[in-house]
Structures are given as structure tokens and as C-alpha cells.
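Undergrad:
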Amino acid sequence: MTDADPAAPLGFHHIRLELAREPQAPAGDPEAGYDILAPLTAERRLDAAVWREAPEKCRVRRFSHGATLAFGRLRHAAPDRWFLDFEPGDADDVHGFRLADERLETGEYVSLSTDDQMHTYVVARSEPV
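Position one of the sequence shown corresponds to residue 102 (my numbering), numbered consecutively onward.
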């Protein structure tokens with residue numbers, strides 16, 4: 102997911118989220134996070150209209166220290182709820198906190214909830230593919 106994807110529709114971006122500073126990782130952890138292939142608006146927000154046209158193209162990779170832990174999909178639920186879906190059912194879903202409102206551009210921060218814990222990630226990369 103780090104190279105251009107010729108199958109990705111126009112407006113899609115490679116977004117890399119890396120674990121930001123938190124009590125369990127005082128320096129953050131650039132080797133733990135998510136790679137996301139998703140459509141963004143001109144304001145760099147997730148684009149639900151484009152997502153509806155090609156939801157199967159919205160992919161996610163969870164990584165940690167050189168290993169891929171899981172592949173999944175970016176999902177959208179009305180009205181403005183976004184989540185990362187890795188397996189059938191919702192037990193492993195990763196939910197974004199106000200993700201529809203976040204600008205996904207390099208240097209910004211987003212919060213994701215996993216296993217009932219909120220973690221903050223920095224947008225380390227946000228580039229068109």
C-alpha cells in the first residue's frame with residue numbers, strides 16, 4: 102500500500118497513521134499504526150460520496166515493527182461514522198473519534214478506539230495515489 106495503486110479511483114490517498122505519544126509510548130511509535138487507502142475531499146477529509154462509489158477500494162493495513170498484523174477495509178456508516186473493519190462482526194473494529202471531521206493531512210492527529218481504549222495517531226503521510 103505504499104506505492105501508487107493503478108486501480109485506485111481519482112481522489113484516493115495513501116494515509117499513514119503512526120502511534121503518537123501516550124503514557125504507554127512516551128516517544129510515540131512510528132513503527133505501529135495503519136496504512137489507509139481512502140478518498141479525500143479537497144479539504145483533506147474522508148469523502149463519503151466517493152467511498153460509496155468504490156468501497157472495495159478503501160483498504161487498511163495494520164502494522165507493527167515491520168510486520169503486517171491485519172488487512173481490512175475502511176467502512177462508513179450513516180451519518181458520519183467511519184471505522185476500520187478487519188474481520189466479520191464488530192469485535193475487532195477500530196472506530197475513529199469524529200473521524201468525519203478530521204483533516205487527514207501530514208502532521209495532524211486523529212484518535213482511534215481499539216479494545217475500548219482510545220489511542221492517538223499522527224498523520225505521518227497523506228499523498229495522492
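Every residue, glycine too, gets a C-beta built ideally from N, C-alpha and C.
(1) Measure the CB-CB distance between residue 175 and residue 137 and report whether it falls below 8 Å.
(2) So for residue 148, helix, strand or coil by DSSP?
(3) Would the beta-carbon of residue 146 fall within 8 Å of that of residue 226?
(4) Is it right to say residue 118 is buried, meaning 16 or more other beta carbons lie within 10 angstroms of its own, or is it exposed?
(5) Based on Cα-Cα distance, which residue from 121, 139 and 144 lies nearest to residue 162?
(6) Considering only residues of the same chain and omitting the five flanking positions on each side of residue 131, which have a CB-CB separation below 6 Å?
(7) Give the C-beta separation of residue 219 and residue 198 to the nearest angstrom, bearing in mind that I take them to be a contact with Cβ-Cβ under 8 Å.
TA: Taking the definition as stated:
(1) Indexing the sequence shown from 1 puts residue 175 at position 74. Indexing the sequence shown from 1 puts residue 137 at position 36. Yes, the Cβ-Cβ distance between residue 175 and residue 137 is below 8 Å.
(2) Position 47 of the sequence shown holds residue 148. Coil.
(3) Position 45 of the sequence shown, counted from the start, is the residue given in the question as residue 146. Position 125 of the sequence shown, counted from the start, is the residue given in the question as residue 226. The beta carbons of residue 146 and residue 226 sit no closer together than 8 Å.
(4) Reading the sequence shown from its first residue, position 17 is the one you call residue 118. It counts as buried.
(5) As a first step, residue 162 is located in the sequence shown; it is residue number 61 there, counting from the start. Residue 139 holds the alpha-carbon nearest to the alpha-carbon of residue 162 among 121, 139 and 144.
(6) Start at 1 with the first residue of the sequence shown, and residue 131 comes out as number 30. The residues are 119.
(7) For the purposes of this step, residue 219 is taken as the residue at position 118 of the sequence shown. For the purposes of this step, residue 198 is taken as the residue at position 97 of the sequence shown. Contact holds; Cβ gap of about 7 Å.
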